[in-house]
Amino acid sequence: MKYSETIVSSIKSILSHKLRSFLTLAGIMIGVAAVTTMFSSVEAMKKLIEDTISSLGYDNVIILYSKFPDTSEDELKKYKSVKRFKQINFNDFFALKNNLEHIEYIYPTVDDQRNTIINGKKSQIRIKGVENIFFDEKGYIIAEGRKFNVIETENGENVCVLGKTLSSKLFRDESAVGKFISIGDVRLKVIGILDFEEKQSNFAKGNEWERRLALESCYVPTYFSSKYLRPTMNIDVIWIKATDAQLVGDVYNSAVQILRARHNMADDVGMRDISKDMLEVRQQIQEFLKNWNIILLAISSISLFTGGIGLFSILLISITERMKEIGIRKSVGAKNRDIFSYFLIESIMLALIGGIVGSGFALILINILTKALKVTTAFPYLGIIVGLIFAIVVGLISGFYPAYKASKIDPIQAIFYTE
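Now the structure itself:
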């Protein structure tokens with residue numbers, strides 16, 4: 001008997017016993033749906049975390065900051081008096097900007113708090129000196145107005161971008177763009193309102209504390225913040241991004257040499273390779289998800305194992321019911337291997353159909369989950385393939401013994417078999 005004829009015959013046999021076939025398939029369908037959904041969910045979560053970490057803008061990034069000596073106040077004064085300690089400043093920034101190679105960007109930031117008037121009361125607000133690249137790397141958007149232009153950035157003009165929450169506190173329902181605010185004894189013209197992209201997933205929105213803080217802050221050009229907030233032109237942090245992950249080490253070493261030469265070889269500048277930190281976070285998350293994937297697949301496999309037992313039992317019962325059919329097939333020339341192939345293929349076809357239907361259920365469930373979590377995922381090819389392979393293996397294992405038993409039945413006894 002040809003394999004194509006065997007497959008067609010197996011499908012006809014399955015369709016002739018619809019209820020029994022459905023009950024047999026139920027366990028397989030649930031198991032495959034569970035395997036596919038869980039496997040795809042872990043893969044989607046892995047991609048979501050990877051995209052979220054990448055969206056933070058910390059890939060290939062190094063930060064520089066002043067490393068204050070851990071001493072008493074008297075010792076700190078003495079430390080400064082002999083000029084062994086200098087904070088990083090704009091001159092350091094320009095030296096790095098003009099001499100570093102293989103960098104995508106470099107920009108300084110300054111953080112401070114100043115008094116202003118909100119609803120007739122004196123309040124402190126956070127002022128952050130930044131450049132436009134900061135908004136882009138953080139994924140912030142200007143909901144109204146604009147960012148700083150070149151002249152405002154280079155000259156440190158008295159302009160600002162307000163976080164959406166701060167703007168609402170200062171101006172209620174009115175548009176803040178074009179108006180002025182007073183920070184201490186300085187007047188700033190509002191040129192834009194900062195917000196977040198609302199289409200982000202719930203997970204990708206990031207740290208809610210950081211998000212809230214950003215919307216309550218006032219952003220000014222870095223050069224202005226250094227003149228007004230830091231009369232000595234000091235800078236809090238310098239952000240540097242290498243053009244390639246392989247070049248981060250070279251950029252890091254070059255920055256160390258430049259700053260130590262400028263600071264009389266004093267070790268008063270701290271450096272942190274954020275990309276290395278992010279890599280460690282990625283590795284930890286991937287290891288966790290890998291272990292979690294194994295656990296979920298083991299749990300899901302129990303459903304498939306249960307379905308396999310059901311398939312095994314039904315096939316044994318089916319052999320008893322179809323004794324005459326087996327006897328007739330053998331009497332007209334069917335060999336033992338033909339009977340074995342017939343029942344084994346029927347078992348595999350049953351499991352495969354259950355796997356296909358289960359994969360369909362999994363796709364529906366994955367679609368519901370992605371909409372609920374507001375995430376976008378690629379079509380779960382790998383999850384479906386894994387689920388179908390599991391189904392075929394279950395069909396093969398469950399059908400082997402019943403098929404072998406059927407192939408060994410004596411044709412004479414089978415023809416005259418009565419229940």
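Its first residue numbered 1, the sequence shown is counted upward by one per residue in our numbering. Where is the CB? At the ideal position from N, CA and C, for every residue including glycine. Since the model is a prediction, treat every value here as computed from it, not as a measurement.
For residue i, list the residues DSSP reports as bridge partners.
i: W239; result: I63, Y107
i: I180; result: Per the sequence shown, residue 180 should be read as Phe rather than Ile. Looking at the DSSP assignment, F180 forms a beta bridge with K189.
i: R272; result: I63
i: G163; result: L194
i: Y140; result: F196
i: P221; result: V130
i: N89; result: N234
i: G145; result: G192
Can you list, in chain order, the residues of its chain with a C-beta nearer than 6 angstroms to that of residue i? Leave out the 5 residues immediately preceding and following it.
i: G327; result: P411, A414, I415
i: I223; result: Reading the sequence as shown, one finds Tyr at residue 223 and not Ile. Within the same chain, Y223 has close Cβ partners G156.
i: G383; result: T36, F39, S40
i: I142; result: G192
i: L304; result: G31, F390, V394
i: I409; result: I326
i: G308; result: V394, S398
i: I151; result: none
Could you check if residue i is buried or exposed, using at least 16 other CB atoms within 10 Å of its CB as the buried criterion?
i: F288; result: exposed
i: A245; result: exposed
i: N89; result: buried
i: S313; result: exposed
i: F340; result: buried
i: N180; result: The sequence given here places Phe at residue 180; Asn does not occur at that position. Exposed: under 16 other Cβ atoms inside 10 Å.
i: G354; result: buried
i: V281; result: exposed
i: P231; result: exposed
i: N149; result: exposed
i: N291; result: exposed
i: F134; result: buried
i: I385; result: exposed
Keeping to the same chain, check which residues put their C-beta closer than 8 angstroms to that of residue i; ignore five residues upstream and five downstream.
i: N99; result: S254, I258
i: R114; result: Q124, I125, I127, I183, G184, L229
i: L315; result: F343, E346, S347, S398, G399, P402, A403
i: T243; result: N60, H102, I103, E104
i: V248; result: N60, I62, A242, D273, S275, K276
i: V82; result: Because V82 carries a pLDDT of 48, less than 50, the predicted location of this residue cannot be relied on, and no value is offered for it.
i: G387; result: V32, A33, V35, T36, F39, G355, G358, S359, A362
i: I240; result: V61, I62, I63, L64, L96, L100, I103, Y105, I106, V251, A255
Leaving aside the five residues before and after residue i along the sequence, list all residues of the same chain whose C-beta is less than 7 angstroms from its C-beta, in chain order.
i: V186; result: N158, Y228
i: Q87; result: S66, N234
i: K97; result: I106
i: T165; result: L215, E216
i: Y252; result: I62, M271, D273
i: A176; result: L162, S167, L170, V190, I193
Where does residue i fall in DSSP's three states?
i: D112; result: strand
i: I409; result: coil
i: N336; result: helix
i: N234; result: strand
i: N158; result: coil
i: N253; result: helix
i: N264; result: coil
i: R329; result: helix
i: T36; result: helix
i: E216; result: coil
i: I415; result: helix
i: R282; result: helix
i: E321; result: helix
i: E152; result: helix
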